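The numbering of the sequence shown is this note's numbering, which starts it at 16 and goes up by one. C-beta: ideal position from N, C-alpha, C; glycine also. For clarity, every value in this text was computed on a predicted model and none was experimentally measured. Since the structure comes first, as structure tokens, the remarks are kept for the end.
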Amino acid sequence: FGGYGSKPGKFRDPRGVVVSPSNEIFVTDLYNRRVQVHSTEGVYVRHFPTVKIDYDRGIAVNMRTNHILVTDPEQREVHVFRPDGSLLRTVRHPRDEMTRPTYITVDGEGNILVSDGRSNSVYVYGESGKFLFQFGGEGSGQGQMSDPRGICTDSSGHILVADYGNERIQIFTRHGEFVRTVRTGSRPTGLAVGPEGQLVVTSYWCDNVTVYPND
């Protein structure tokens with residue numbers, strides 16, 4: 016479904032995508048500056064506007080509340096929407112250290128995890144938006160990052176980060192402590208964990224998807 020255009024149901028550079036607990040598909044429509052909502056059969060349902068944006072826009076769903084979270088790199092914040100598109104709150108770093116929030120996920124406890132490609136860090140907030148901690152930092156050593164992109168969590172609560180510039184996936188505990196690295200041989204962009212623990216990684220440069228077994 017979709018196709019190029021500005022009318023409802025059409026897209027101009029779709030980026031992030033999530034499926035809500037109510038089985039609705041939310042897609043960030045970058046250059047139309049909106050989030051579009053479709054049924055799982057691809058039928059257009061509604062849309063709601065986002066602010067002006069010139070960067071990738073990440074999107075996530077809180078499975079506990081059905082809230083939709085969208086990153087706003089230009090304003091250095093995360094917007095939390097109700098399913099009907101009304102704005103519930105915005106989330107910012109208390110010292111404005113989160114400078115380019117791009118990719119985002121919500122863990123099983125409702126915590127908000129945001130990767131920042133400019134500060135080379137991951138920022139973690141509580142469900143209410145309270146800042147909890149951050150980890151990472153620029154570099155190529157264990158736990159350091161270079162332009163982190165996609166982020167997700169697995170069934171054990173581990174945090175997985177696509178370390179784009181270092182051509183690897185890094186795995187951390189739920190508290191941000193380094194666990195191990197998965198070398199990708201290319202620059203990973205998006206990632207997800209399958210129902211059997213397999214790691215699914217997209218590569219922007221290679222235009223492919225790689226699946227790694229759970230081992």
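Endpoints, the beta strand (DSSP E) within which residue i is located
i: Gln185; result: 183-187
i: His94; result: 92-96
i: Thr86; result: 83-87
i: Thr12; result: Beyond the ends of the chain as shown, which are 16 and 230, falls residue 12; an answer cannot be given.
i: Ser136; result: 136-140
Straight-line Cα distance separating residue j from residue i
i: Phe16; j: Ile166; result: 26 Å
i: Ser35; j: Ser170; result: 18 Å
i: Leu128; j: Pro163; result: 12 Å
i: Gly144; j: Arg133; result: 21 Å
i: Tyr138; j: Val50; result: 23 Å
i: Thr217; j: Val121; result: 19 Å
i: Tyr19; j: His53; result: 16 Å
i: Arg198; j: Asn135; result: 18 Å
i: Asn126; j: Arg61; result: 27 Å
i: Lys22; j: Gly191; result: 42 Å
i: Thr86; j: Ile119; result: 7 Å
i: Val58; j: Val226; result: 29 Å
i: Pro88; j: Gly123; result: 24 Å
i: Asp99; j: Pro64; result: 11 Å
Assigned secondary structure, residue i (DSSP; H/G/I helix, E/B strand, else coil)
i: Gly18; result: coil
i: Gln149; result: strand
i: Arg104; result: strand
i: Asp131; result: strand
i: Thr65; result: coil
i: Gly205; result: strand
i: Thr120; result: strand
i: Asp99; result: coil
i: Thr114; result: coil
i: Thr305; result: The structure shown does not extend to residue 305, since the chain spans only 16 to 230, so no value can be given for it.
i: Gly155; result: According to the sequence displayed, residue 155 carries Ser and not Gly. Note: Ser155 maps to coil in three-state DSSP.
Inter-stretch contact at 8 Å, needing at least 3 Cβ pairs: the segment 155-169 / the segment 92-104: no
Taking only runs that begin and end inside the segment 158-202, name each unbroken beta strand (DSSP E) of 3 or more residues, in chain order. 163-168, 174-178, 183-187, 193-198
Hey, which unbroken runs of the alpha helix (DSSP H) at 4 residues or more fall wholly within the segment 30-60? none
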